[in-house]
Each structure stands twice: as C-alpha cells, then as structure tokens.
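For the sequence shown, the working numbering begins at -8 and goes up steadily by one.
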Amino acid sequence: ESGAMQAFRSRLFTRIVPILKEIGLFGPKVQKALGDMGVLEYAKIDVEKLIGNDMKVAEDFDAKKFVEKAIAAE
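Shown next as structure tokens:
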C-alpha cells in the first residue's frame, strides 16, 4: 500500500469510525470488522471536536471567499 493510499485510508476512517459510533451503528459485528481492518482505534476520536474543527475550516473558507469577492469587486 502506497503512502498516499495509507494517508487517504487514515483520513477516511478518522471520519467514518467515530460517526458510526456516534449514530449507534457500533455493535459487535461492526467493531470486529473495524478491528480486522485495523481502524478500530479511530473510535476514540471525539466527534464533537471533529465537527467543531470542520465548522472552523468551513467558516475560514467562507471568510476567505468573501474577502476575495470583495477585492475583485473593487
């Protein structure tokens, strides 16, 4: 597995696993499957913190776009 694929897999499962746990789809079968894939440790990620960071990134992105549009309009 290439480094890029490992990074992609890591990013993907840092999202999927905590959300599965948060929404109640984290039964024994799912936990076993995630363990078999080696991604069960991502269940420890704080979903609220993850979502909060996503919101901050989105707000920063929107602010940047607003500034770019304002500058372009001048």
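All C-beta atoms in this analysis are idealised placements derived from N, C-alpha and C, irrespective of residue type, glycine included.
**Asked** D51 lies in the alpha helix (DSSP H); which residues open and close that run?
**Response** For this step, residue 51 is matched to residue 60 along the sequence shown. Segment 38 to 64, the alpha helix (DSSP H) holding D51.
**Item:** F4, buried or exposed, once every other Cβ within 10 Å from all chains shown has been counted against 16
**Value:** In the sequence shown, residue 4 corresponds to position 13, counting from 1. It is buried - the Cβ of F4 has at least 16 other Cβ atoms within 10 Å.
**Message:** Considering only their Cβ atoms, is the gap separating E13 from V30 smaller than 8 Å?
**Reply:** As a working note, residue 30 is residue 39 in the sequence shown. As a working note, residue 13 is residue 22 in the sequence shown. Contact flag unset, no.
**Asked** Per DSSP, what kind of secondary structure is S(-7) in: helix, strand or coil?
**Response** Residue -7 sits at position 2 when you count from the first residue of the sequence shown. S(-7) falls in the coil class under three-state DSSP.
**Request:** Can you check the stretch -1 to 41 for any beta strand (DSSP E) of at least 3 residues that lies completely inside it and give the ranges in chain order?
**Result:** none
**Message:** Considering only the alpha carbon of each residue, which of E(-8), G(-6), L25, E59 lies closest to R6?
**Reply:** Translated into the one-based positions of the sequence shown, residue 6 becomes position 15. Ranking E(-8), G(-6), L25, E59 by Cα distance to R6 puts L25 first.
**Item:** Backbone CA spacing between G15 and A34 [nearest angstrom]
**Value:** Here the question's residue 15 lines up with position 24 in the sequence shown. Here the question's residue 34 lines up with position 43 in the sequence shown. For G15 and A34, the distance between alpha carbons rounds to 12 Å.
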